[in-house]
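First to last, the sequence lines map onto chains V and Y.
Going by this note's numbering, the first sequence opens with residue 1, and the numbers climb by one from there.
Going by this note's numbering, the second sequence opens with residue 568, and the numbers climb by one from there.
Reviewing the structure listed below.
There are 2 protein chains.
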Amino acid sequence: MQRVSRTSIKGLLSQLQAKGLETTSIGLSRCRSSFNQHNDQSEKRRYGKVTTVLLSLTGGITYYLYKDDIKNNISSFINVHAFKIQNSPNGREAGARRAELPTYTMQQVSEHDNLINGIWVSYKEGVYNITDFVRKHPGGQSKIMMAAGGSIDPFWMIFANHQTDEILVLLESMRIGNLRSEDVYKHKDEDIYDPYALEPVRNQMLHINGKKPFCAEPPPPMLVKNFITPKEVFYVRNHLPVPYIDEENYELELAAEEKTMKTFNIEDIKKYPQHTITSAIMCGGNRRSEMGAEKPLKGLSWNVGAIGNASWTGAKLSDVLRDLGVKEEDYNHIQFEGMDIDPSGVPYGASIPISKALDPRADVLLAYKMNGEDIPLDHGYPLRVIVPGVVGARNVKWVNRIILSKNESPSQFQQNDYKGFSPSINWDNVDFKTAPAIQEMPVTSAICCPQKDEKITVAKDGTIPVKGYAWSGGGKKIIRVDVTADQGETWHIAELVAQDPDAKEGRHYAWTLWSLNLPVDKMKKSVEIWVKAVDSQYNTQPESFKNIWNLRGFLCNAYHKVKVNLG
Amino acid sequence: MQRVSRTSIKGLLSQLQAKGLETTSIGLSRCRSSFNQHNDQSEKRRYGKVTTVLLSLTGGITYYLYKDDIKNNISSFINVHAFKIQNSPNGREAGARRAELPTYTMQQVSEHDNLINGIWVSYKEGVYNITDFVRKHPGGQSKIMMAAGGSIDPFWMIFANHQTDEILVLLESMRIGNLRSEDVYKHKDEDIYDPYALEPVRNQMLHINGKKPFCAEPPPPMLVKNFITPKEVFYVRNHLPVPYIDEENYELELAAEEKTMKTFNIEDIKKYPQHTITSAIMCGGNRRSEMGAEKPLKGLSWNVGAIGNASWTGAKLSDVLRDLGVKEEDYNHIQFEGMDIDPSGVPYGASIPISKALDPRADVLLAYKMNGEDIPLDHGYPLRVIVPGVVGARNVKWVNRIILSKNESPSQFQQNDYKGFSPSINWDNVDFKTAPAIQEMPVTSAICCPQKDEKITVAKDGTIPVKGYAWSGGGKKIIRVDVTADQGETWHIAELVAQDPDAKEGRHYAWTLWSLNLPVDKMKKSVEIWVKAVDSQYNTQPESFKNIWNLRGFLCNAYHKVKVNLG
């Protein structure tokens, strides 16, 4: 399924040209150039105006690239579905005309694109003053500012996770007026395409946390059945629509700041010495549901399954960079861009320190295989970055551009998203600049069997079987897993049943599976099982979420506590 | 004071020879060879018998090396003091003859040197059956077994920390008889020398946790006065008597397993490129007093001062090893031996993984300067190993032998001492083989001002000034310090007032000093201040000691909690 013909921006355009269709002369390079300009001028420019908004088919081609005939042909060229906004019941009135409110023109809305004049947006027929909300936007201030002074409708086609009752009601609470009828953003079948129409088919066993972009995790018991997570069971955390891949024309560009140093195709990458490592990848928000139970959080409510453990094969990034004569002292960071692109043309991006990229012991890979096969589309085909021991967000999928730079990635996801804060920081006082981007992840563990509220038969020896995983970032090995059924009065040491036998000292990237028969008090109707892991730096987990709570709900590594009923 | 003429074993012997004194032909090489034999056969051999016991002047020359005339001349050659065992009041009866008990000969005692026959020792006129105690020995089973079937008297001259009421009473509880008068170990002024007689003069402000070996820490407020800890304030943790240093004849031997590869003098080491790093060194037992308050512990009761932050200058071990063509795949570990030697001739020892030693980014130094000057004698003159980010115990002082090996150091301190365990492990069920040796230390922090029970005036703005340090091992940077005065209901972010500005990415070895004016509830008579740090891996500290308690009292990194009175 994942090998269906997909196409990159460049590939799509060239195919259209081959069909004799009229296109603009803007190919990938110009697209790219405009993205850079976008990035560089992100503080100055306004994005997302209805008049220029990017109605994304490939996620990166702007609306002005399309002539009508192209649009129609694209429509038939790939089998897309018209995008339908489906509101949940209580939010369905959001954006409807309200007779008691004044009417504004889009011109008036567009004058409110800054903090001095205030920030307005339109949604359907509604006009909203979101000035006070901007810095509380869970997706980050820079993201919401892309729609400032314009319609949010096209953005919400890509970030379809906004179509919830909660968010629509919140939006409506900021309502100030109606939009003049002729300015209302028009959804027409012929010019609105669902950028999610060609997502790969997924395992139906996955629990879906978000459909668009697709985010899903396996049930916990399924997770610990295998040391190497099968691709069908591996959690998916996409930030944007899965891009269209044109294998034949795929290119990876390597640049030093703005200047291209070299381009590679997949075969070029495969010529470098091949390395295979086993590495877990974990989402920064794994176990967020537990932190959110302590105090409410926005964001996907992951259970314990936003982690998977796979073998990854590819070229060492350090080999590629050494081959190009890259010197550590010339740069501070190395940025990665994916082919997944948001409505304003900005690709998914992230960066890691240059020292890690250049350190052969850090084992950063440009990976083309997962578990011995081509990487599945959901996991980054044809090439993804593997930064073992580092939060999933930096393991950029569908990578097609690598930039050596003095600066971290300008991406929203690097600057204003995957960061940790003190429990005292809230959406009113947060300053994302004060915290470093999450890179290596702290030690964690989770109980996968039994699950919460499960009824368990106590064995004759007075024990119940408990299984789970443990992992620590930065190459730290798990050295011990302690489990208690009596709030820490007695700790029992779990057996570490699976670890990577090939890991080198200080380079333990795989997870550890553990298991034990946990003694319990038979007289009790229920017990709460707690687990904590210790890594080779003898770091261990904090006990509660209260003291590590952070507004974005990352780094949820307090003791995992699962209450079960005894039978 | 620290430059007084001191002498190594080899140097001492050569000086004696130069004086025309008769000595055996056993020089350093034979000493060394006998040490190796000792190590290799540690399971089979019995040590410490009265008849062959090492009456250590230099800590390494065995009794049989001495002829009477040498002994007398040594006596006058260096100005030593007779060693006097001084019992504390309640333990003073330990070892005294008890008429109601049977009498044994030393021959009978010596037959009890194994677990099958039982393990006996003598102390003064007493005979003790310590069979059940052996595995509970806080100093480790192998250490106490050195005295099995013999007298413990000479060992307790070196490990003088046994001379406490608690230990003497414990010993007496195992009493089974009296030793025949003629077999009683005899302390005579002319053949008993105090191996601690020539210790350097120390700063009287240091709080002494143990005199012999010398262990002391500065008062907490003094600790955080300077980012670079002055040598006089730097904590001292010696495991054995400070060795006698003969600068002129000092040699560092580098061996591959048993085979010497090369010897260096200090000038040879100084020819390598010189590197200076700022690195904290922390004792594995720092803050043990807090863990011991949770549940009693044996071991030195360190407050928060068993840490210091200095600049260290030396050659990179990786440069030295690369120069010798050492290949990582040939070894697993690199062992270090100090010149400080126990009564049975075994030097202090430790090891680190070979990968760390060979990694230029790990910054392991053979250091000859501390804070820009010769390293003080208490801190390892003329050469010590600096393994930044790693527990103090592996930063071997007075190093004179480095061994590339497949194995970890056989030293007691590597095998059976500096390791962490689950809270459920006690002296009855501990198996030291189950835990890895502590290397990189977990994240920690401490409040240095105010101190416990101090009375603090609340400022007009409702705050009290709080200061301290934070540190994490493995090169992790401290990114945040959170402080609370209300059990975590509100956390306040401290200002990080001093960090190493020259640290490279991922190589932050120095500590961080922090400070804040902490808002407190003025209406309260007292508040408990808590601190926790977060490092660049976003690891943080566990909340309480209960769940990290371990029988040796290491890795005491729970929140530091200081109760103060408000005035």
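Ideal Cβ placement from N, Cα and C applies to all residues, glycine included.
The structure displayed is predicted, hence computed values, not measured ones.
Hey, would you say residue i sits closer than 7 Å to residue j, going by beta carbons?
i, j, result
"Trp869 of chain Y", "Gly892 of chain Y", "no"
"Ala470 of chain V", "Val481 of chain V", "yes"
"Gly392 of chain V", "Met222 of chain V", "no"
"Leu668 of chain Y", "Asn745 of chain Y", "yes"
"Ile846 of chain Y", "Pro955 of chain Y", "The residue asked about is misnamed: residue 846 of chain Y is Ser in this sequence, not Ile. Yes, Cβ-Cβ distance for Ser846 of chain Y and Pro955 of chain Y is below 7 Å."
"Ser355 of chain V", "His333 of chain V", "no"
"Tyr235 of chain V", "Ala160 of chain V", "no"
"His508 of chain V", "Lys477 of chain V", "yes"
"Ile725 of chain Y", "Pro910 of chain Y", "yes"
"Ser718 of chain Y", "Tyr752 of chain Y", "yes"
"Leu944 of chain Y", "Pro767 of chain Y", "yes"
"Ala882 of chain Y", "Val1010 of chain Y", "no"
State the beta-bridge partners of residue i as determined by DSSP.
i, result
"Leu496 of chain V", "V:Trp514"
"Arg951 of chain Y", "Y:Ala934"
"Met849 of chain Y", "Y:Ile874"
"Tyr1036 of chain Y", "Y:Ala1013, Y:Leu1080"
"Lys532 of chain V", "V:Asp482"
"Lys826 of chain Y", "Y:Ala823"
"Asn570 of chain V", "A question about residue 570 of chain V goes unanswered here, because the residues of chain V that appear run from 1 up to 567."
"Phe903 of chain Y", "Y:Ala917, Y:Ile969"
"Val569 of chain V", "The question about residue 569 of chain V has no answer here: the residues shown for chain V are numbered 1 through 567."
"Gln274 of chain V", "V:Ala315"
Exposed or buried, residue i, counting other C-beta atoms within 10 Å across all chains shown (16 or more means buried)?
i, result
"Val127 of chain V", "buried"
"Glu373 of chain V", "exposed"
"Asn967 of chain Y", "buried"
"Glu825 of chain Y", "exposed"
"Pro990 of chain Y", "buried"
"Leu115 of chain V", "exposed"
"Gln487 of chain V", "exposed"
"Glu1062 of chain Y", "exposed"
"Gln1108 of chain Y", "buried"
"Ala96 of chain V", "exposed"
"Ser982 of chain Y", "The question names Ser, but residue 982 of chain Y is Gln in the sequence shown. Under this definition Gln982 of chain Y is a buried residue."
"Arg1119 of chain Y", "buried"
What would DSSP say about residue i, mapped onto helix, strand or coil?
i, result
"Gly881 of chain Y", "strand"
"Asp191 of chain V", "Confidence is the limiting factor: at Asp191 of chain V the pLDDT is only 43, short of 50, which leaves the residue's position unreliable and the question unanswerable from this model."
"Ile548 of chain V", "coil"
"Ala917 of chain Y", "strand"
"Thr113 of chain V", "The identity of residue 113 of chain V in the sequence shown is Asp, whereas the question assumes Thr. Three-state result, Asp113 of chain V: strand."
"His207 of chain V", "strand"
"Phe831 of chain Y", "strand"
"Leu1122 of chain Y", "coil"
"Val887 of chain Y", "helix"
"Glu43 of chain V", "Low confidence applies here, because Glu43 of chain V scores a pLDDT of 29, under 50, leaving its location unreliable and the question unanswered by this model."
"Arg928 of chain Y", "helix"
"Gly345 of chain V", "coil"
"Glu895 of chain Y", "helix"
"Leu624 of chain Y", "Because the pLDDT of Leu624 of chain Y is 35, which lies under 50, any placement of that residue in the model is unreliable, and the number read from its coordinates should be weighed accordingly. Of the three classes helix, strand and coil, the one that applies to Leu624 of chain Y here is coil, per DSSP."
"Trp427 of chain V", "coil"
"Tyr769 of chain Y", "In the sequence as displayed, the identity of residue 769 of chain Y is Arg instead of Tyr. If DSSP states are grouped into helix, strand and coil, Arg769 of chain Y belongs with coil."
"Arg855 of chain Y", "helix"
Interface positions of the region 1096-1113 of chain Y facing chain V (Cβ-Cβ less than 8 Å), listed along the chain | Residues passing the 8 Å Cβ filter: Lys1099, Val1101, Ser1103, Gln1104, Tyr1105, Asn1106, Thr1107, Gln1108, Pro1109, Glu1110, Ser1111, Lys1113.
Closer than 8 Å, Cβ to any Cβ of chain V: which residues of the region 869-888 of chain Y, in chain order?
-> Taking 8 Å as the Cβ-Cβ cut-off against chain V, none of the residues of the region 869-888 of chain Y qualify.
Quick one: which residues of the region 228-257 of chain V get their C-beta closer than 8 Å to a C-beta of chain Y? List them in chain order.
-> Result list empty, no residue passes.
Taking any Cβ of chain Y, which residues in the region 418-433 of chain V have a Cβ under 7 Å from it, in chain order?
-> Here the close residues are Gly420, Ser422, Pro423, Ser424.
Taking any Cβ of chain V, which residues in the region 939-972 of chain Y have a Cβ under 8 Å from it, in chain order?
-> Correct list: empty, as no residue qualifies.
In the region 445-468 of chain V, which residues sit with their C-beta less than 7 Å from some C-beta in chain Y, listed in chain order?
-> For the region 445-468 of chain V, which is checked against every Cβ of chain Y, not one residue is closer than 7 Å.
Near-chain Y residues of the region 485-502 of chain V (beta-carbon distance less than 8 Å), N- to C-terminal order | Against chain Y - using a Cβ distance shorter than 8 Å - the residues of the region 485-502 of chain V are Gly488, Thr490, Trp491, His492, Ile493.
Return the residues of the region 1078-1093 of chain Y that lie within a Cβ-Cβ distance of less than 8 Å from chain V, sorted by chain order.
-> The residues in question: there are none.
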